[in-house]
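For reference, the structure discussed in these notes is given below.
2 protein chains.
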Amino acid sequence: MHTVKSPKVVAMGESVGPQVYRILRERIIQAELLPGERLSESDAAKSLSVSRQPVREAFIKLSEEGLVQVLPQRGTFVTKISVASVMDVRFVREAIEADIVRLVAEGHAPETIAELRRQLAEQKKVPHDNRAAFLRLDELFHHTLAAAAGKAYAWSVIESVKAQMDRVRFLSVDDMHIGRLIEQHERIVEGIATGEKAVAEEAMRLHLREILKSLPAIARSRAELFDDTE
Amino acid sequence: MHTVKSPKVVAMGESVGPQVYRILRERIIQAELLPGERLSESDAAKSLSVSRQPVREAFIKLSEEGLVQVLPQRGTFVTKISVASVMDVRFVREAIEADIVRLVAEGHAPETIAELRRQLAEQKKVPHDNRAAFLRLDELFHHTLAAAAGKAYAWSVIESVKAQMDRVRFLSVDDMHIGRLIEQHERIVEGIATGEKAVAEEAMRLHLREILKSLPAIARSRAELFDDTE
DNA sequence: AGCACTTGACTTGTATGGTAGTAGGTTAGT
DNA sequence: ACTAACCTACTACCATACAAGTCAAGTGCT
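Taken in sequence, the protein lines are chains A and B. First residue of the first sequence: 1, per the working numbering; consecutive thereafter. First residue of the second sequence: 1, per the working numbering; consecutive thereafter.
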């Protein structure tokens with residue numbers, strides 16, 4: 001039964017609601033949908049060839065994540081990036097990942113360390129202008145640490161929270177100084193390998209605070225994307 | 001089945017969906033809706049005198065929190081309590097609250113310390129059999145710490161995550177040794193007052209690990225409420 | 001008796017209709 | 001010209017109808 005004539009954006013095998021959610025989430029994080037932009041249940045529904053209901057469910061999820069703001073009877077808008085929100089998320093992330101990396105350092109499993117070193121080599125191979133590729137590897141690095149600590153759930157919490165940070169990272173096109181970030185990764189792995197959990201933890205905390213350095217400059221240069229009520 | 005033709009359980013002034021969510025969430029946490037129990041969009045809608053749609057949205061939110069499990073075309077069930085899930089949540093909570101209490105200890109604001117001591121006195125006044133009252137004060141205590149650290153967002157993350165822990169706490173009727181918990185609170189406040197952030201942090205970590213001690217016994221005595229596939 | 005199949009009463013997922021409310025441009029009144 | 005009332009075109013929210021899948025009881029054949 002191939003009744004699909006319309007250019008359905010969604011695929012089979014999974015409910016439509018979650019698919020719409022992921023599509024919109026990705027577009028917001030990658031700044032394809034700009035902060036402040038107005039969305040609409042019916043417009044989004046039409047453009048995705050689905051009904052309004054799944055779109056509505058997606059909007060609700062996005063609003064819980066703080067990516068959109070739903071104003072009843074008025075409209076739904078992509079939230080502007082808020083410096084305060086980014087810092088709030090960063091704090092939570094640091095707290096969780098600090099404990100994770102300490103656990104990994106305690107475990108000092110050889111295969112984990114080998115895997116992390118493999119990833120470091122991979123990261124160094126990325127050309128300095130290919131930002132997206134490095135961001136993927138960075139994501140993998142942190143995810144690997146969580147998995148090594150046996151904290152899959154903690155990672156899922158981080159994932160649901162870090163969207164606000166990711167939006168900023170997609171903006172910092174120019175001076176990402178990938179080299180420095182890799183050095184920080186190396187220090188983390190080093191601390192793990194030597195079993196110095198305090199060293200590893202502190203390296204992770206510093207690593208996650210790196211975003212704070214670039215944030216003010218980005219907020220100034222792309223002021224129209226940021227919330228100015230703070 | 002006595003269906004109360006209740007005159008609108010929901011109130012005015014707020015959307016129906018979130019209200020339904022809170023009502024069901026409360027009932028699940030307080031074990032009024034038992035783990036394993038089957039829910040139904042239409043039944044819940046009828047008993048609350050609303051339509052299926054807001055109920056559906058509530059179900060989705062609850063499933064994201066891990067309180068219910070939605071099986072398409074089959075049914076929606078209150079999730080059984082999982083020892084692994086409780087420990088996962090506890091880990092995240094410890095990581096965040098450890099950093100929070102350290103911040104508070106660094107700030108050593110006199111009015112905060114005074115407020116915490118006031119709450120300690122309040123906690124001691126609670127009769128040892130009034131579990132619910134103590135749980136409310138305990139909740140307030142931790143919330144106050146987060147607020148004092150200026151981490152409202154971090155607290156909201158904890159709130160959305162700790163439902164799994166709260167379900168267990170409502171079960172541990174008997175040996176809650178409220179006294180010991182208060183002693184732990186006192187040690188936390190002491191660490192904050194003296195500015196020894198390492199002491200305060202460690203006290204918080206021990207406090208949040210307390211649940212692990214009672215968990216195995218509860219899982220054994222109320223095995224029918226727990227997931228046995230682990 | 002025992003197995004294959006049908007049927008119907010459920011379930012959640014999706015689509016659509018109807019309502020109250022807001023925003024903004026336009027028009028009538030001064 | 002200026003103000004105020006209205007009017008239209010939107011919005012999200014809720015209710016309801018329909019579609020598709022699941023499961024178990026029941027039926028008829030072997």
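Beta carbons are placed, not taken as given, at the ideal position from N, Cα and C, and that holds for glycine.
DSSP three-state call for residue i: helix, strand or coil?
i, result
"glutamine 73 of chain B", "coil"
"proline 7 of chain B", "With a pLDDT of only 45 at proline 7 of chain B, under the threshold of 50, the placement of this residue in the model should not be trusted, and no figure is reported."
"histidine 2 of chain B", "Bear in mind that a pLDDT of 36 at histidine 2 of chain B, under 50, signals an unreliable position, so the model cannot answer this."
"valine 89 of chain A", "helix"
"valine 50 of chain A", "coil"
"valine 126 of chain B", "coil"
"histidine 207 of chain A", "helix"
"arginine 187 of chain A", "helix"
"arginine 222 of chain B", "coil"
"glutamate 202 of chain A", "helix"
"glutamate 32 of chain B", "coil"
"glutamate 94 of chain A", "helix"
"glutamate 57 of chain B", "helix"
"proline 216 of chain B", "helix"
"glutamate 196 of chain A", "coil"
Span of the alpha helix (DSSP H) holding residue i?
i, result
"histidine 177 of chain B", "No alpha helix (DSSP H) contains histidine 177 of chain B, which DSSP labels as neither H nor E."
"histidine 108 of chain B", "Premise fails: histidine 108 of chain B is in no alpha helix (DSSP H) and is neither H nor E."
"serine 156 of chain B", "152-161"
"threonine 229 of chain B", "Run containing threonine 229 of chain B: none; DSSP gives neither H nor E here."
"arginine 27 of chain B", "16-29"
"alanine 148 of chain A", "131-148"
If you compare alpha carbons, which of the options is closest to residue i?
i, options, result
"lysine 251 of chain A", "A/Ile28, A/Leu48, A/Gly107, A/Phe141", "Any property of residue 251 of chain A remains undetermined from this structure, which presents chain A solely from 1 to 230."
"leucine 208 of chain B", "B/Glu41, B/Phe77, B/Met87", "B/Met87"
"leucine 103 of chain A", "A/Glu32, A/Ala200, A/Arg131, A/Arg25", "A/Ala200"
"serine 40 of chain B", "B/Gly75, B/Leu24, B/Leu67", "B/Gly75"
"glutamate 32 of chain B", "B/Asp227, B/Phe226, B/Leu171, B/His177", "B/Leu171"
"histidine 142 of chain A", "A/Pro127, A/His128, A/Asp227, A/Gln119", "A/Gln119"
"glutamate 57 of chain A", "A/Ala132, A/Ser85, A/Gln19", "A/Gln19"
"methionine 204 of chain A", "A/Ala98, A/Ile218, A/Gln73, A/Ile182", "A/Ala98"
"arginine 90 of chain B", "B/Glu64, B/Ser160, B/Ala105", "B/Ser160"
"isoleucine 96 of chain A", "A/Arg187, A/Lys151, A/Glu64, A/Ile23", "A/Lys151"
"glycine 66 of chain A", "A/Ile192, A/Met165, A/His177, A/Ser15", "A/Met165"
"valine 83 of chain B", "B/His185, B/Ile60, B/Val168", "B/Val168"
"histidine 177 of chain A", "A/Gly36, A/Pro216, A/Ile211, A/Lys61", "A/Ile211"
"leucine 135 of chain A", "A/Gly17, A/Val16, A/Gln73, A/Leu181", "A/Leu181"
"tyrosine 153 of chain B", "A/Ala223, A/Glu64, A/Ala105, A/Glu37", "A/Glu64"
"valine 157 of chain B", "B/Gln69, B/Glu94, B/Ser49, B/Leu34", "B/Glu94"
"valine 55 of chain B", "B/Arg25, B/Glu183, B/Gly36, B/Tyr21", "B/Tyr21"
"leucine 225 of chain A", "A/Gln184, A/Glu14, A/Gly36, A/Ser15", "A/Gly36"
"glutamate 14 of chain A", "B/Gln184, B/Ser47, B/Gln73", "B/Gln73"
"isoleucine 192 of chain A", "A/Ala121, A/Leu116, A/Ala45, A/Pro216", "A/Leu116"
With which residues is residue i paired in a DSSP beta bridge?
i, result
"arginine 38 of chain B", "B/Phe77"
"valine 68 of chain A", "A/Val78"
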